[in-house]
Every structure is written in C-alpha cells, then in structure tokens.
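Take a look at the structure below.
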Amino acid sequence: MTARARALCLAAVFGCAAAVPATAQENEEVELQVLVHESWFAGYPFLLETARDFEAAHPGVRVRVISSAGAAGSVDKVKFMLAGKLPLDVIWIDVTEFAAFLQEDVLLDLQPWFDADPDWRPADYFAQVLAGMRGADGHLYGLPSTFTPYVMYANLSLLHAEGFARPPPDWTWNDLLRICRAVTRDADGDGRPEQYGISLTQWLQALVPWIWQNGGRLLDEHGRSALAEPAAVEAVDFLAGLLHREKVASDDATFANQLQFGLFQAGRAAFYGPVGYWETYRFQAIEDFEWDVLPLPRNKVAATSMAMRFYCVPRASERPQLAYEFVRALAADSMQRGLAQIGNGVPGLIRAAESEDFLKPVGAPESEQVFLDVLEHARFLPIHVNWREIEQVTKATLEDAILLGRVPAAEACAEAARLTDEILARDTSMRARPAVPAWAFPAAQLSGLAVVLLLVFRGLRRGARPRLAVREERAAWMFLAPWAAGLALFLLGPAAVAALLSFTEWSPVRDLGGARWMGFGQWQRLAEDGTFHDALRVTAVYALAAVPLQTALALGLALLVRRSFRGSGTLRTLFYLPTIVSPVVLGVLWRWLLTEDGGMVNRALAAAGVQGPDWLGAPAWVLPAFVLMGLWTIGAQMLVFLAGLQTVEPSLYEAARVDGASAWARFRHVTLPALGPLLLFNLVVGTIAAFQVFAQPLVMTQGGPGNESRFLALYMWEQGFRFLRMGYASTLAWVLFAVVFALTLVILRSSRRWVHYAGAGR
Amino acid sequence: MKSSRSARLLHGLLLAALGLTFLLPLVWMVATSLQPEGKALGRGLFEFPDGPQWGNYPLAVEQMGSFGRQFFNTALLTVLSIAGQLFCCSLAGYAFARLRFRGRDGLFLLVLATMMLPPQVLAIPQFLLFRQLGLIDTFAPLLLPTVLGGAPFFIFLFRQYFLSLPRELDEAARMDGCGFFGTYWRVALPLAGPVVGSVAIFTFLATWNDFWAPLIYLNSEENQTLTLALASFQQSYRLAVEWLMAGTSLVLAPCVLVYFVFQRVFVRGVRLSAAKG
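Sequences listed follow chains A and B, in order. Number 249 in our numbering belongs to position 249 of the first sequence; there are no gaps in the numbering. Number 1038 in our numbering belongs to position 38 of the second sequence; there are no gaps in the numbering.
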C-alpha cells in the first residue's frame, strides 16, 4: 500500500466512525417515543410498568421510553430534541414553560381527543390543576404528573420549646411576625442569630403567594405588569422587613444553597417556606425534632401558588391518537398512586390524592391533608405569557429589595414592572416583524465555502511553474484539505450565519422559517438591556481581578518549583492537578466548599478566628468567590512559566551576581525580561478564558444574587436556550467576540513596550 | 547559592503547605464521598463514626444511569478526538512548515486568527448546521468541528516543531524515494513525539471534560457522556452530596490516572512548544 493510499484509508475510517449515527434502528412495529421522568427517579419502575401494560393493550405498539438520565434536566432536554426535530410523541413540561411552548405552537391541542373519549371525566382531576394546562381558549393540552401547592414547613419542637402551639390553619402575617420575633435569638449579639424565625424562600413561585395574599397581582386586566401596584409593593416590603428591619428571617434558602444542609434542617429556624411538597423527601433525614406542614399565613386573603409538571403531546407527533391514550395511561390510577407512594408530589387524580397512597398514615409530615386543603385558594402563575425571562428579571430585580435590602420595595417593584412590560411589548412587536427569506441562511453558510474555494483558486491560478513545484503545491493542498474543509464548514460558515442571526429573532424549537427580520433592533437593544450591562460589568471585573492574580500566582509557583529537588515533581503535579478537573465538576465541588455554614473554606476561616462570609449569597462576595476558584486552576500557566524559566541562560544570573545584583534585581532584570513572551501568552489565553466562564456560574449560582455572577457567556446561553431567543443570543455572542478581540489587540499593542524577543531566531 | 538550613526548612514547609492547599479540595471530595447520606455537612473532614461508606460508589453509579455506557461513550469520543486531531493537525502543521505553496503565509495568518473565534459565536450556527444535516444526537457534531477546523493551536504547535527539525532529514528521505506523504509519515511524524504527547493529553482532558457540546447535541440515553450524567445529578433535589462526590470522584479518576502516567511526556511537550512559541 502506498503512503498516500494509507492516508486515504485512515481518513476514510475516521470519517465513517464520526458520521455513523449512534442511534440507528429500523423497526417494523409502531413505536411511541416517550420522554418523561428521569431514569434515576424512584418512580421509574411505575413508568416502565405503565409502558408494558400499554403495549399489552395495544398489540403492535412499542413504547420506547427515552431516558433523560444524564441530560441537564429533562425539561431542557425536551427543547433540544424538538430543536433537533427528533421524533417525540409524549413529553412532559413544566407549567412555567407552557406559555412559551403555546406561543411557539409546538404542542398539540388535545381537546378534540378528550371530547371524543367516552371515558374522559374531567371531574376525576382537581379543577384547579387542570386549569394550569388549559390554553387561552380553555382547551386542555395535557394531564398532570404530580403537582404541589406552596406551603409552610414548621419546626414543632422549636415552637413548643418557645411556648407556642402549632399555628391554626387560618394564621396570619401578624401571627407569623409575632412568633418570628419571639423565637429569634442572637445571644452573642453579632447580628447573625443562632435561631431564626423563618428561613425565607425567594424564587418567583415562592414570592407570588405573598403578593396575592395582600390582594395584589402579577398582571393587570390589560396584560401589563401590576407589580408596581401598592398591594404588591406592600407585600415585597413586608418580606424585606422580615429580613432587614425585624431581622427575624434568614436568606439561606437561595438557589445556591437549595441543596445543602439548611438552617431548618439544622433545627435553627422555626419556619421554612413558602415551598412545595418535594422538601418532605429531604427532611425525612431529620431525627432531632418534630416537624409538619402548615398552610401559608394569610393576610387580606388566603392564596398560594403551585408547581407542576404535566404530560402532553408535541404537535409534530405522527401518532396523536396513541400519544393521547398514553397520556391518559400515565395520568391514570396505577402511575398516580405509585408516584404518591414514593413521595413524588401530590397526584392530580383526586381519588389517588385522597387515598392512603398519598395521605400516608405514618411518618412525617403528619398533615399531608394540608396540601389538599389549600387547593381551594391555590393558583398557577398567569400562563399566557412566556414566563422564563420575566421570572429571571423579576427575581434578579426584587432581590435588590428582599434579599439584599439595598433598594426600597417600591423602587424595586417599579423597576421589575418596567422590565416585565418591556419583555411583553418586545414579544408582541416581534410577532409583527417580516419573515427572513428562506435562502438567507443557506447562503450565509455557503459563503464560508466560497471564501475557502476562492483562496484555493487564487493560489492555484497564477503563472506557470516547474513540474516539481506544481507537485509540491498539490501535495500541500492535500495536506491542508481536512483543515480547509473544517474551516469552510464549521468556522467561516457558522460565523456568517451567526452574523445573520444577530439581525433576526428566532426560537430554536421551530424551524428557520419562523425567523423574523429585526434589522438593527437587537443591536439597539444592547444599549437598553440592563442585564447585559450587568453581565458585561461582572465579566470585565472578574477578568480584571482574576487574570493578573492568576498570572502572578502562576509565576510565583513556577519560581518556587523551578529547581529540581526532592519532591519538586510531586509539587508540580499537585499544582497542576486541579486543572484537569472539568468546569462542571469544579462548580459542583466549589459550591459545597463555599457553603456558608459548614463549607470547608469557612471552617478553615473559623479555625483562624475569622467569620467567613456567605460567599455565593452575598453580592459583594460572589465575584471574589469566583476569583478564588480561578486561582486554583492555574496549572497550565505555571507549566508555561516553568518551561520558560528553564530556557534562561544560567550565565546571565552568574553575570548579574558578579555585578552584585540583589535577588529582586536579578528577578526584575533577568528573569522577567526572559519571560516576556510567555507572560504575554498567558495574559492573552487567560483573558480569553476569563471571558468564556460559563459552566461554573451555571452550576453554582445561576447568575445570582441579583445579576452579580451573571457572566456574559451564561447570559448568552440563557437567552438562546432558556428564553428561546436565538437572535439576541447571537448578538451577544458577537459582542463577546468583539470584546475579546479588542482586548487581545490592546494587550498585544501594549506588549511592544514590555516584551522583548531575544534574538531574531524565528 | 548558600542558604542556611532553617531557611531551607522554611522553604520546604511553605511548599508543603501550598501543595496541600491545592490538594485539599480533592481530599475533601473523596472524604465526603465516604460519609453516610445526609451526614457530611454536619461533620469534620475525617470524622467517620460509622466507618467509610464505600457503598456510596455503587449507589452513585446506579443514579447516573448506565454508567458503563457513558464511560464507553466518553472513552470512544476521547480516542477518536485524539486520533483525528493528531492526524489532521500534524498534517496541516507539516504543510505549513515544510511545503512551499503560494498563499502559505496568508493561510497561516488565518490559522492564527481562528484561534481567537470564541466557541460561543459558533455554537448556535453549528447546531443549526448539524440539525440540517440530521446529525443531532450523533457523535459527529462533537468530533468534526474540533478535529477538522477547530484546533489551530495544535497546528501551530506542530508547525513550530517541524520548523525546528533539520531540513536535511527531509532531503535524505526524498533521495530514498519517499513522496511528500512518505516523508511526513515516516520521517517527520516519528520525530514529533513530544508534541504528539502534549496534543494527545490536551485533547484527552478537553474531550473527557467537555460539557457544552454533549449538552447541546446528545439526547438519547445510549449517547450520554459522564459529564452530562454528573450535571443531571446536580439538577435533582433528591440529592445527597455524598453520592454527588462519589460520582465526581469516579469521573475524575481516569483524568488523574492519565495525567500521572503521562506527566513526563506532557511537561516535556509544553516545555518544547513554549520554548519555540
């Protein structure tokens, strides 16, 4: 075999291995593609059982349960599968996403199937729950998996010890305040009570009940935000008061802390909430005290909000009848009772919820009945609005008032209302924009190919050359072919498409025909988008702090281990080790290390007599926390410096020493100049990396508190894949590129003054 | 250099402390993975009143779903990436270093420029492209862009290295009747061991730990990778930190192993490329 043939074989083998779809299966029988529940989930056996029963009742049908174990949340995964046009027949979605899916017209209206089904009796299910799955026209789009109203968890032992009985079901805000004042203890007077009245949850579903109880609302009758109305402001102010004026509430129940051993579990808070049924699982581990659930305290009226996931059918399903029947099967007795038994949530099927499968006679909480009792005044958030972005903006804005107490409630509410209205108005106006012509995107993609072909032709055309040179040139192009193909297909083409997208708006769950032409709208929006400004600031501040510190530390470590001594190899390994950890793992790990109570960093600080801060919860500390994490992963930079140090001529040091130069002078005038090019390299690479931080904030803080850790790359991801705004996401991506490019240029320019290349040996 | 014994001792202590600081979080991770469910956060680092819970590891594996499959996928992706990157990048690097063709310097500038394109700019259009090609939920989107066009840094490393080899070697090979490819394959590539080593390790770490691309492109259970499985852990509220850390340790172990085994090659490769950068 000639060498060239061998090369072709290699390329072919590799190409095939890459292109073979990992899921290729042909099947004669009808297959129902089902994506509900995660496979690690305890109720999975019930799901498989339901699928098998369904197959038995429908010969020739195979139910393929697609497991979402491993995807970052099965709800996000549904989006990607829809975006990838993969066949799906039954999915489940979160009620907060229902409106977005409705708006993009990707769900099948199941009402005709319900109407045609003689066995369908809506009265079997809770009417309040079904309301969450109805479109604006009242049509039903799905059936519930499990749901939960928000309630209050109470530490009965603590209440009893403080002389309080279990609060009655109709307890009020005043009762809550009175008890909280009485039980909050700060014996050492350090402003951080040992025992709190309430550990207060603060995401939107948890905040809304307070607003509703005070007679407030989220949207007014014209569909505009009503957050600035006095009733809503008062409610927000009440919560801010609990935290900052009365100082009886703890803010430990933020997203960053959600999974950890919280104050309530530690027996240090009388109440915890508003929160759903799911916490009963985590609290099973509590052995030291007695706890139970209560309705939320009421004010002007009683109210609470609900969380739910429900089963539904994508419009693209090719077997809607079977899909409908499987949805019915999923929401029928055996599955609903199974989910109730394992404590997944409240079943939407009334007879399952009222059976002992849910109202368990033994074990805490004693009063599961509370979840059913509060249903009469439970509501979902308004469902005819794409809530994801509004939820994030509202949460980030209200945190200024509630969590951080740095802005008056009225001001934060007004700001949240303004931003909500902006989002609503943008959604409305977007739908009136013209469609992007169908040829535009393929044309942009092909332009990359055109550029590369042009380059090749230009290279090949000019002048006659000797035969040998022609052969060499042809060989060169063969050698470069894989790279050039990649350049054309995967770099230049996509870059052109991204540029085009930034002038459009488009939701990734639809095809490109749904793209709307926005002109310079997206670019103008950059000027007004406060979240973008925050993200830019956060990212820039991080880069400004982290890059120099990382470079300095890397240099310091390299100097320490530059010489070979016993253990120097081990040390180099140790310093490098954290670098091989993936950003996701790093995020997971540091989220626990930085836990306010019981995290290792704060324990170490406590041992040194310093009270550690709430790293991920306090706006002033969250960026320093990320910088600290960044310092831990400087192994690569250290290695680069180390390599550079070993090329420094020993004779230079010798000469300097003979001249009587001090250690510092030797470093300043010999080492540093020799490292110049490497310093530059590390600065550029470090800056690029700093602007691309993404996985750690996603895993650790989701951008909070406020927007204080909303890095640019994270915000871009949220716009594109959470809020389904790919056009604006592309605009943000180009901004990111422009910033990094400009910074690199600045660093390179300025480096001419301080980097000197030794000799001309290039 | 003369330094007193106590100064050296101080130096040693300082180094040991620093090394431990860098190691401690990993130690904490392993120690936590051995605590019983729900107990780790209330305890000290090495308090094991109930003995180490090795059972957390099988439990974590069970929770991650089909661990074997995920491990296989991750390993397969890693091997294919390494093989592909080594071949394509060394080939291009060799052409830039050794072959004369018109437009060479301009093209090489283009290589350097693509280093600066942040992956975020390309993620969305690449997703659209692969969707159009019907390659969503295959390994192609994870391999093709990085292997073919996405490794300018490695092309750069190879070029610099090949430039440093004496030209006489090529000429001798040519005399012996080797073609251009034969010269590259039989003479130049075998001499590029250090760069091959560091490119392989860089690629190994990058692919093994990749989160973004698998998250976007892989859907089916049979295509899941380890980092994805780990991320799903994080999303579940029914989660014990002890299991999470057990899972994390498992995913990390191969990286640590590979680094330890190939450390010398790796450091040498970085040194060589940096010296010539």
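Heads up, the beta-carbon is just placed ideally off N, CA and C, and yes, glycines get one too.
- Our two residues, P87 (chain A) and E104 (chain A), have alpha carbons roughly 17 Å apart in a direct line.
- Secondary structure within the region 610-693 of chain A: the alpha helix (DSSP H) runs of 4 or more consecutive residues, fully enclosed, are 619-631, 635-645, 650-658, 663-666 and 672-691 (chain order).
- Assignment of G142 (chain A) by DSSP, reduced to helix, strand and coil, places it in the strand class.
- Membership of A307 (chain A) in the beta strand (DSSP E) is indicated by the continuous run T304 to C312.
- Contact between W590 (chain A) and A1092 (chain B) is ruled out by a C-beta separation of about 38 Å, above the 8 Å threshold.
- For A1140 (chain B), the closest of A:A618, A:V236, A:G486 and A:G215 by C-alpha to C-alpha distance is A:G486.
- A655 (chain A) and A558 (chain A) have their C-alpha atoms roughly 23 Å apart.
- The Cβ atoms of C1255 (chain B) and I580 (chain A) lie closer than 8 Å to each other.
- Residues of the region 1079-1093 of chain B with a C-beta atom less than 7 Å from some C-beta of chain A are L1080, A1083, G1084, F1087, C1088, L1091 and A1092, listed in chain order.
- When B:P1194, B:L1117, B:S1081 and B:N1073 are compared, the shortest CA-CA separation from Q1160 (chain B) is found for B:P1194.
- When the five nearest sequence neighbours on each side are left out, the beta carbons in the same chain lying within less than 8 Å of the beta carbon of F626 (chain A) are those of Y542, A546, V693, Q696, P697 and S709, in order along the chain.
- Nearest in C-alpha terms to A1192 (chain B), of all of B:G1134, B:P1125, B:C1089 and B:G1149, is B:C1089.
- Annotation: G1193 (chain B) has no Cβ neighbours in chain A at a cutoff of 7 Å; minimum Cβ distance is about 17 Å.
- Going by DSSP, P209 (chain A) is part of the alpha helix (DSSP H) stretching over L204 to Q213.
- Within the region 76-145 of chain A, the complete beta strand (DSSP E) segments at least 3 residues long are 90-94, listed from N- to C-terminus.
- Counting along the chain, no alpha helix (DSSP H) covers R1186 (chain B), and no H or E run does either.
- Residue-level contact by beta carbon holds for S1220 (chain B) and chain A, with a gap shorter than 8 Å.
- In terms of beta-carbon proximity, I342 (chain A) stays away from the interface with chain B, with every pair separated by 8 Å or more.
- In chain order, L1099, R1100, F1101 and F1180 make up the part of chain B whose C-beta sits under 8 Å from the C-beta of E472 (chain A).
- 8 Å or more divides the Cβ of Y715 (chain A) from the Cβ of E505 (chain A).
- DSSP places Y272 (chain A) in the uninterrupted beta strand (DSSP E) bounded by A269 to V275.
- Taking the Cβ atoms as the reference, C312 (chain A) lies roughly 3 Å from G142 (chain A), within the contact range of under 8 Å.
- Beta-bridge analysis with DSSP links V346 (chain A) to A:F147.
- Inclusion of L107 (chain A) and P320 (chain A) in the CB contact set at 8 Å is not warranted, their separation being larger than that value.
- Along the region 1023-1038 of chain B, going in chain order, the ones with a CB nearer than 9 Å to a CB of chain A are L1023, L1024, P1025, L1026, W1028, M1029, T1032, E1037 and G1038.
- Assignment of beta-bridge partners to M430 (chain A) by DSSP yields no partner.
- For R458 (chain A), a Cβ of chain B is located within less than 8 Å of the residue's own Cβ.
- From the listed residues A:W212, A:E162 and A:G216, the smallest Cα separation to Q195 (chain A) is found for A:E162.
- Straight-line measurement puts the Cα of G348 (chain A) at about 11 Å from the Cα of P122 (chain A).
- When beta bridges are read from the DSSP output, Q195 (chain A) appears opposite A:R185.
- For a Cβ distance threshold of 7 Å, residue set P1125 and L1128 of chain B lies close to V497 (chain A), ordered along the chain.
- If you draw a 10 Å sphere on the C-beta of M335 (chain A), you find 16 or more other C-beta atoms in it, and that means buried.
- In the DSSP assignment, Q33 (chain A) falls within the unbroken beta strand (DSSP E) covering V30 to L35.
- Listed by position along chain B, the residues whose Cβ is nearer than 8 Å to that of L593 (chain A) are P1025 and W1028.
- Remark: C-beta atoms of E472 (chain A) and F1096 (chain B) do not approach each other more closely than 8 Å.
- A straight-line Cα-Cα distance of about 9 Å links A604 (chain A) and V610 (chain A).
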